[in-house]
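Comments concern the structure below.
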Amino acid sequence: MVRGAGTLLNVVTVLVGSGAGLLLGHRLPTRTRDVVTDALGLVTLLAAALSAADVLDRRLAQAVGSGAPVLIVLASLLVGGIVGSLLRIEDRLAAAGGALQSWLTRGRGVGEGDAGGGHEQRDRFVQGFLTASLVFCVGPLAVLGPINDGLGRGIDQLALKSTLDGFAAIAFASSFGLGVAASAITVAVVQGGFTVLGVVLGDVLPAAHVSALTATGGLLLVGIALRLLRVRQVPVADLLPALLVAPLLTQLVVVLR
249 MVRGAGTLLN VVTVLVGSGA GLLLGHRLPT RTRDVVTDAL GLVTLLAAAL
299 SAADVLDRRL AQAVGSGAPV LIVLASLLVG GIVGSLLRIE DRLAAAGGAL
349 QSWLTRGRGV GEGDAGGGHE QRDRFVQGFL TASLVFCVGP LAVLGPINDG
399 LGRGIDQLAL KSTLDGFAAI AFASSFGLGV AASAITVAVV QGGFTVLGVV
449 LGDVLPAAHV SALTATGGLL LVGIALRLLR VRQVPVADLL PALLVAPLLT
499 QLVVVLR
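Each residue of the sequence shown is one higher than the one before, starting from 249 at the first, in my numbering.
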């Protein structure tokens, strides 16, 4: 299997799912689309709980001590959130979504009377791009899958993720529209980067470090679920650096222990 094939498969399923969602979305009433989004939020919350449960992993506790895993996740979110907010990752990602929307829709024209509708369309595009990009790229499979792909261990994990993302893209696109399809670019860039990392660095993450990363990613998924359920617009993108901080802090604790 050619390395990188898993990410390519993921991009294709996102595009196909988005296309199906766009066709289906026009045939669904707003109430039905809202229910679909709520259901996706609940499922994301379930996935978040399963990932966050890795904070109880025995191998992590053995490596850093029984009382340290929760503190590592907490510190990772705090440090990652500070770094992400200073870098304004959420704002930059939103701006990227707005720029993509303008590029994809230019030439179609928006008259003066359509200015309000154009603004609403842009906001919907950005929301779809942001939400789909975060859901598709924050989960542990978005990190571990392409790394394993880069190591030449196969695309089993990314095949599973691609299937899930395809169905999620249908639900997202039926609610948010074209912005969901644009998130395929984010998937290609992020997972492609981790694939290259797997090729260059090899298997550098011990089991304890993976558990810390997975637990931290689970809490980020909780933030995504809250956004989908319209409970609170948690700036999840600003917390993304926590995924890098978690294994680094784990290694620091292992060394100091």
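Beta carbons: idealized from backbone N, C-alpha and C, even for Gly.
Counting only runs that start and end inside the region 362 to 440, the alpha helix (DSSP H) elements of at least 4 residues fall at 363 to 386, 389 to 398, 404 to 424. Secondary structure in the region 250 to 338: no beta strand (DSSP E) run of 3 residues or longer lies completely within the stretch.
PRO394 places its beta carbon 8 Å or farther from that of GLY466.
Residues of the same chain with their beta carbon placed closer than 6 Å to that of GLN369 are lacking, with the five preceding and five following residues left out of the count. Taking each of ARG307, VAL327, ARG281 in turn and checking the Cα distance to PRO489, the smallest one comes out for VAL327. Taking a 10 Å sphere around the C-beta of VAL438, we find 16 or more other C-beta atoms and assign the residue as buried. CA-CA distance, ASP413 to ARG251, rounds to 20 Å. By the 16-neighbour rule on beta-carbons within 10 angstroms, PRO277 is exposed. Bounds of any alpha helix (DSSP H) do not take in ARG505, whose DSSP letter is neither H nor E. Under the criterion of beta carbons closer than 8 Å, GLY425 and GLY376 qualify as touching, at roughly 6 Å.
A direct Cα-Cα distance of roughly 34 Å separates ALA342 from PRO454. Contact between ALA485 and LEU461 is ruled out by a C-beta separation of about 17 Å, above the 8 Å threshold. Separation of the CB atoms of ARG475 and THR379 is rounded to 6 Å, and the pair is thereby assigned contact status at 8 Å.
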